[in-house]
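Visitor: Under our numbering, the first residue of the sequence shown carries the number 2, and numbering increases by one thereafter.
Below is a structure I'd like to ask you about.
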Amino acid sequence: MNHHLNIIHKALKINCLFFIFFISVSSASNLHRSFGQKQSFETELNHFRTVHNKDLTFHSDSIHQLNFRYPDKKRGLKPWIAPTLLISSGTALHFMNGTKESVRDFTQDNFAYHGTFDDYAQYAPVAAVYALSAVGVKGKNNFGNKTAIAIKSFLVNGLITDRLKYWVNEPRPSGGVRSFPSGHTSKAFSFAHFMHKEYGELSPWFSIGAYSCATTVAVMRVAKNAHWVSDVLMGAGIGIFSTELVYLTHQYKWDNEHLKRFDIFPFQLGNQKGVTLVYNF
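Okay, here's the thing in structure tokens:
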């Protein structure tokens, strides 16, 4: 009885962690958007007064010039269905040792894999996004916003995945540690969802290709005996969740005017060489 209670308690803690994290970030985002909308209203009001007083002076620091774009309020809960199902499935299977072992045995008997392709394929979707941009295929956002979203998605996904790995400390099927969730899979699906958000409206084949690549990485991690099936399901859910959360909270301020404020300088300190990135406020 105590063993079953511990399992239930552990599952509830995992789900509560995601719920608290999502509510906290969503609340902060709503406050930030409300403040931004208030500023936009005041700016428009001042602009109206200026025009009607025949004073047509334009100020270069006006917030009216910033390219604010807010999330579509009509989309509702639809984007969260897939990550919720994946996270729930991964959490449930995490405690079903018999099912996990059966999947592991079947995979190792029929589809054992020992290569390293999965180590590189996890980055294929994000590389494809910038390759498309390089050849002139325009996505949903400009380079600045696109890059900011990619970096934030990578950081949010990494934070959630690493914390869960450390906290759960699930043994790997191959004998290692910190198996749950799969980091390769979470990155692959985070970047796949990034490509879907940027190019999915242009053609569904971009989304199909990105998610197929991420799914291949997940299958390879199980076939490689590096993860249980529950690990990759959880990782896939976290990856999609992280990127969707970043798109929900991103304020789209990285327009061309802001990008011009960046300067890159090479430096050398003894035998160490590198570059310095400077942002002029």
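Note that CB positions come from ideal geometry on N, CA and C, so glycine has one too.
Given the structure is predicted, the values throughout are model-derived calculations rather than measurements.
Alpha helix (DSSP H) containing P80: first to last residue?
Guide: Residue 80 sits at position 79 when you count from the first residue of the sequence shown. From DSSP, the alpha helix (DSSP H) with P80 extends over K79 to H95.
Visitor: So, helix, strand or coil for Q38, using DSSP?
Guide: In the sequence shown, residue 38 corresponds to position 37, counting from 1. Residue confidence is low: Q38 scores 45 on pLDDT, short of 50, so the model does not pin down where it sits. No coordinate-derived value is stated.
Visitor: In the structure shown, what three-state DSSP assignment does T117 receive?
Guide: Taking the first residue of the sequence shown as 1, we reach residue 117 at position 116. Here T117 sits in coil by DSSP.
Visitor: Where does P172 sit, in a helix, a strand or coil, going by DSSP?
Guide: For the purposes of this step, residue 172 is taken as the residue at position 171 of the sequence shown. Note: P172 maps to coil in three-state DSSP.
Visitor: Rounded to the nearest angstrom, how far is the Cβ of V233 from that of T186, given a contact under 8 Å?
Guide: Indexing the sequence shown from 1 puts residue 233 at position 232. Indexing the sequence shown from 1 puts residue 186 at position 185. 4 Å between Cβ atoms; contact.
Visitor: Would F181 pass as a contact of M235 if the rule is Cβ separation under 8 Å?
Guide: Within the sequence shown, residue 181 is the residue found at index 180, counting from 1. Within the sequence shown, residue 235 is the residue found at index 234, counting from 1. Yes. Within cutoff.
Visitor: Can you tell me the Cβ-Cβ gap for D230 and L94, rounded? I've got them flagged as a contact below 8 Å.
Guide: Against the sequence shown, residue 230 aligns to sequence position 229. Against the sequence shown, residue 94 aligns to sequence position 93. The amino acid occupying residue 230 in the given sequence is Val; Asp does not appear at that position. About 6 Å separates the CB atoms of V230 and L94; that is less than 8 Å, so the two are in contact.
Visitor: Over what stretch of residues does the alpha helix (DSSP H) that includes R222 continue unbroken?
Guide: Position 221 of the sequence shown holds residue 222. It spans P205 to A224 - the alpha helix (DSSP H) in which R222 sits, taken as one unbroken run.
Visitor: Rounding to the nearest angstrom, what Cα-Cα distance links V169 and L249 in this structure?
Guide: For the purposes of this step, residue 169 is identified with residue 168 of the sequence shown, where counting begins at 1. For the purposes of this step, residue 249 is identified with residue 248 of the sequence shown, where counting begins at 1. Taking the straight line from one Cα to the other gives about 28 Å.
Visitor: How about F195 and I239: do their beta carbons lie closer than 8 Å?
Guide: In the sequence shown, counting from the first residue as 1, residue 195 sits at position 194. In the sequence shown, counting from the first residue as 1, residue 239 sits at position 238. Taking 8 Å as the Cβ cut-off, F195 and I239 do not qualify as a contacting pair.
Visitor: Could you give the C-beta distance for Y200 and L133, rounded to a whole number, given that I count them as a contact under 8 Å?
Guide: Along the sequence shown, one-based indexing puts residue 200 at 199. Along the sequence shown, one-based indexing puts residue 133 at 132. Their Cβ separation, rounded to whole angstroms, is 7 Å, which keeps Y200 and L133 in contact under 8 Å.
Visitor: Quick check: A122 and V220, are their CB atoms within less than 8 Å of each other?
Guide: For the purposes of this step, residue 122 is taken as residue 121 along the sequence shown, with counting starting at 1. For the purposes of this step, residue 220 is taken as residue 219 along the sequence shown, with counting starting at 1. Going by C-beta atoms, A122 is not nearer than 8 Å to V220.
Visitor: Tell me the DSSP secondary structure of Y290 in three-state form.
Guide: Only positions 2 to 282 of the chain appear in the structure, and residue 290 is not among them; the question remains open.
Visitor: Considering only their Cβ atoms, is the gap separating R173 from F115 smaller than 8 Å?
Guide: Along the sequence shown, read from residue 1 onward, the residue named residue 115 stands at position 114. Along the sequence shown, read from residue 1 onward, the residue named residue 173 stands at position 172. Residue 115 is actually His in this sequence, not Phe. Not closer than 8 Å, so no.
Visitor: Smallest Cα separation from S175: which of A128, H197, T148 and N226?
Guide: Taking the first residue of the sequence shown as position 1, residue 175 is located at position 174. It is N226 whose Cα lies nearest to the Cα of S175.
Visitor: Give me the Cα-Cα distance between S208 and A215, rounded to the nearest whole angstrom.
Guide: For the purposes of this step, residue 208 is identified with residue 207 of the sequence shown, where counting begins at 1. For the purposes of this step, residue 215 is identified with residue 214 of the sequence shown, where counting begins at 1. Distance between the alpha carbons of S208 and A215 is about 11 Å.
Visitor: Beta-carbon separation of P126 and A83 under 8 Å?
Guide: Sequence index remark: in the sequence shown, residue 126 carries index 125 (1-based). Sequence index remark: in the sequence shown, residue 83 carries index 82 (1-based). No, the Cβ-Cβ distance between P126 and A83 is not below 8 Å.
Visitor: Taking C-alpha atoms, which residue in F155, K141, P205 and L86 lies nearest to T244?
Guide: Position 243 of the sequence shown, counting from 1, holds the residue named residue 244. Nearest of F155, K141, P205 and L86 to T244, Cα basis: F155.
Visitor: One question on the structure: do N158 and S191 come within less than 8 Å of each other, judged by their Cβ atoms?
Guide: Position 157 of the sequence shown, counting from 1, holds the residue named residue 158. Position 190 of the sequence shown, counting from 1, holds the residue named residue 191. Their beta carbons are under 8 Å apart, which means N158 touches S191 by this criterion.
Visitor: Would you please state the rounded distance, in angstroms, between the beta carbons of T108 and A237? I believe it to be under 8 Å.
Guide: Within the sequence shown, numbered from 1, the residue matching residue 108 stands at position 107. Within the sequence shown, numbered from 1, the residue matching residue 237 stands at position 236. About 17 Å; that fails the 8 Å criterion.
Visitor: Would V136 be called buried (16 or more neighbouring beta carbons within 10 Å of its own) or exposed?
Guide: The count along the sequence shown starts at 1 and reaches residue 136 at position 135. It counts as exposed.
Visitor: Using the Cα positions of L203 and K153, report the straight-line distance between them to the nearest angstrom.
Guide: As a working mapping, residue 203 is identified with position 202 in the sequence shown. As a working mapping, residue 153 is identified with position 152 in the sequence shown. L203 and K153: Cα-Cα distance of roughly 23 Å.
Visitor: Within the continuous alpha helix (DSSP H) that includes Q109, where are the two ends?
Guide: For the purposes of this step, residue 109 is taken as residue 108 along the sequence shown, with counting starting at 1. From DSSP, the alpha helix (DSSP H) with Q109 extends over N98 to N111.
Visitor: By Cβ distance, which residues of its chain are closer than 7 Å to S90, with the 5 residues on each side in sequence left out?
Guide: Against the sequence shown, residue 90 aligns to sequence position 89. Cβ neighbours of S90 beyond the five flanking positions: L234.
Visitor: From D106 to K139, what distance separates their C-alpha atoms?
Guide: Within the sequence shown, residue 106 is the residue found at index 105, counting from 1. Within the sequence shown, residue 139 is the residue found at index 138, counting from 1. Going by the C-alpha atoms only, they are around 45 Å apart.
Visitor: Excluding five sequence neighbours on each side, which residues of the same chain lie with their C-beta closer than 7 Å to the C-beta of T100?
Guide: As a first step, residue 100 is located in the sequence shown; it is residue number 99 there, counting from the start. L94, listed in sequence order.
Visitor: Going by other Cβ atoms of all chains shown within 10 Å of its Cβ, with 16 needed for buried, is T92 buried or exposed?
Guide: Translated into the one-based positions of the sequence shown, residue 92 becomes position 91. T92 comes out buried.
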